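One structure is given below, encoded as structure tokens.
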Amino acid sequence: MVEKENDKGSSSSDAQGSNNDPFFIHHSDNPTVILVSPLPLGDNYRTWFRAMTLVLYSKNKIGVVDGSIEQPKGTDELRQWERCTDLVSSWILNSIESEIRGSIFYADTARGIWVDLVIDSPKLMH
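Heads up: the sequence shown runs through residues 1 to 126, numbered per full-length UniProt numbering.
Printed below as a string of structure tokens:
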């Protein structure tokens, strides 16, 4: 593949993003993907939580839910952040059963959904 230099001296593939950039979204990452088996009501919350955490780490998106990637102030970065948090929100919502989804669906961010799931985890396990 031939890479072209852009105005700043970096290659065009760098301009498209990098797996090291938490805002990078691979072409195979889409909001309809189910990344782990859906979380039902019951006793497998810890297994689901561990599986989802591993997936988010592998996709370099754990910072979206653990709070280490905060909402940026700049317009360009804000749009990237919103796109990323919406994608992660979709992944989480697609990986939980509808009985649980209804109680967290309207959280504003992926972090909000994640925190709601952590807070509600005792209820989910019984």
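Glycine residues also receive a C-beta, built at the ideal position from the N, C-alpha and C atoms.
Everything numeric in this text was worked out from a predicted model, so none of it was measured.
According to DSSP, residues forming a beta bridge with residue i
i, result
"isoleucine 96", "Leu39"
Span separating the alpha-carbon of residue i from that of residue j
i, j, result
"tryptophan 91", "threonine 85", "10 Å"
"valine 115", "glycine 42", "19 Å"
"residue 127", "leucine 117", "Not covered by the structure: residue 127. The range shown for the chain is 1 to 126."
Cβ neighbours of residue i in the same chain (closer than 7 Å, five flanking residues each side left out)
i, result
"proline 40", "Glu97"
Close Cβ partners of residue i (< 6 Å) along its chain, the five nearest in sequence each way excluded
i, result
"phenylalanine 49", "none"
"isoleucine 69", "Pro22, Gly63"
"isoleucine 113", "Ser89, Ile92, Ile104, Ala107"
"methionine 1", "Note that methionine 1 has pLDDT 43, beneath the 50 cutoff, so the model's placement of it is unreliable and the number below is only indicative. Closer than 6 Å at the Cβ level, and outside the excluded window around methionine 1, lies no residue."
Buried or exposed (CB count within 10 angstroms, at least 16 for buried), residue i
i, result
"arginine 111", "buried"
"tyrosine 57", "exposed"
"lysine 73", "exposed"
"isoleucine 119", "exposed"
Neighbourhood of residue i by C-beta, 8 Å cutoff - its chain only, sequence neighbours within 5 removed
i, result
"arginine 83", "Phe23, Ile25"
Proximity test, Cβ basis, 7 Å: residue i and chain B
i, result
"phenylalanine 23", "Of the protein chains in the structure, only one exists, and it is not chain B."
With three or more beta-carbon pairs closer than 8 Å as the criterion, would you say the stretch 95 to 107 touches the stretch 16 to 31? No: fewer than three Cβ pairs fall under 8 Å.
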